[in-house]
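So in this note's numbering, the last one in the sequence shown is 267, and the numbering has no gaps at all.
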Amino acid sequence: MKIFELDIFGFTLAPTYYGLMYIIWFLYWIWALKKTWRYTESQRESLFLYIFAWVLLWGRIGYILFYDLWKYISEPSNILRVWEWGMSFHGWFLWVVIALVVFAKLKNVNFWKLADDIALIIPVWLFFGRIWNYLNKELLWFPYTGPLAVQISSWSYFPSPLLEAFLEWLVIFVILKLVAQKIWFDGKLAALFLILYGTFRTIVELFFRVPDPQIWYYFGFLTQGSLLSIPMILVWIYLYFYLKTHDTTK
């Protein structure tokens, strides 16, 4: 959804809420990393570029592969239609992990400490992304006329993106902050973040929103997002307990 549209000397300027959400999150990212004493200014700048590039590239590629592959095969030019930007969390998170591994190796920093720091920043990005979904009237559920309902033509819908924003931002952020004060081993926040995100994403997609129309349900009840989230949850539950029992900071 466009915020406004302005013609200037033959060029059209039409910023979207999606782009605005990314700008706000990256500004928050820079501010949050500055508060972390472990990184120099040079390391923060490099890390920002690593994450920026990989989130945008692989988030887009992941969306194409997981959610609308045949559309882009039939019309490859649609890949460049960035004003119709589709992004996938599952598309970029694995590649961001790889980028962090490379960064940690090159900059000689502890990967799991770095992952924990990033885990405290990502919920804010998820919040802004869900707010964009809400403003763009996406990922809705059943007819609903209560507070914050989304109006499309003559129909009102339950604002599922706001529920996701609450769970994926505030609830996860508060839990991670509490865990950071009480549990002491590197990697705990990164693992717990992905477990919680996958769990909340699966719950919302199974019970509080309709699936993506171009895919619909697998096996009559699983959405694409939940199908991608369940293996992620299992892997990171294993990693959480592995890191806990192999803690080298004791």
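Glycine residues also receive a C-beta, built at the ideal position from the N, C-alpha and C atoms. All values reported here derive from a predicted model rather than from experimental measurement.
Query raised in the report: Roughly how many angstroms separate the alpha carbons of residue 93 and residue 204, rounded to a whole number?
Result: 39 Å
**Report entry** Residues near residue 38 by beta carbon distance below 7 Å, same chain, minus five either side
**Finding:** 145, 146, 148 and 149
Report task. Give a yes or no on contact between the region 170 to 177 and the region 234 to 244, applying the rule of three or more CB pairs nearer than 8 Å. Result -> no
Query - Environment of residue 177 [buried if 16+ CB atoms lie within 10 Å] - result: buried
Requested in this report: Taking 8 Å as the threshold, find out whether the region 229 to 239 comes into contact with the region 249 to 262 through three or more Cβ pairs.
Outcome: no
Query raised in the report: DSSP state of residue 33, grouped into three classes?
Result: strand
Query - Straight-line gap, residue 262 to residue 48 (C-alpha atoms, nearest Å) - result: 33 Å
Requested in this report: Name the residue from 33, 160, 64 and 185 whose alpha carbon lies nearest to the alpha carbon of residue 175.
Outcome: 160
Query raised in the report: For residue 221, which residues does DSSP report across the bridge?
Result: Paired residue(s): none; residue 221 is not in a bridge.
Query raised in the report: How about residue 113 and residue 68: are their beta carbons less than 8 Å apart?
Result: yes
Query raised in the report: Does the beta carbon of residue 263 come closer than 8 Å to any beta carbon on chain C?
Result: Looking for chain C here will not work: only one protein chain is present.
**Report entry** residue 231 - DSSP class collapsed to helix/strand/coil
**Finding:** coil
Requested in this report: For the beta strand (DSSP E) holding residue 129, just list the boundary residues, first then last.
Outcome: Unbroken run through residue 129 is the alpha helix (DSSP H), 128 to 136; no beta strand (DSSP E).
Query raised in the report: Got a sec? Which residues, its chain only, sit under 7 Å from residue 226 by beta carbon, not counting five neighbours each side?
Result: 156, 157, 158 and 177
**Report entry** Length of the line joining the Cα atoms of residue 222 and residue 165
**Finding:** 19 Å
Query - For residue 218 and residue 121, the rounded distance between their alpha carbons - result: 29 Å
Requested in this report: May I ask you to list the residues that DSSP assigns as paired with residue 169?
Outcome: 172
Report task. Using the Cα positions of residue 181 and residue 214, report the straight-line distance between them to the nearest angstrom. Result -> 10 Å
Requested in this report: Would you mind reading off the limits of the alpha helix (DSSP H) that contains residue 204?
Outcome: No alpha helix (DSSP H) holds residue 204; DSSP gives it neither H nor E.
Report task. State the start and end residues of the unbroken alpha helix (DSSP H) segment that holds residue 113. Result -> 106 to 124
Query raised in the report: So is residue 193 buried or exposed if we call it buried at 16+ other beta carbons inside 10 Å?
Result: buried
Query raised in the report: Does DSSP classify residue 11 as helix, strand or coil?
Result: Only positions 18 to 267 of the chain appear in the structure, and residue 11 is not among them; the question remains open.
Query - Limits of the unbroken alpha helix (DSSP H) element including residue 258 - result: 241 to 262
Query raised in the report: Which value, in whole angstroms, describes the spacing of the CA atoms of residue 207 and residue 24?
Result: 44 Å
Query raised in the report: So, residue 108 versus residue 135, is the Cβ gap smaller than 8 Å?
Result: no
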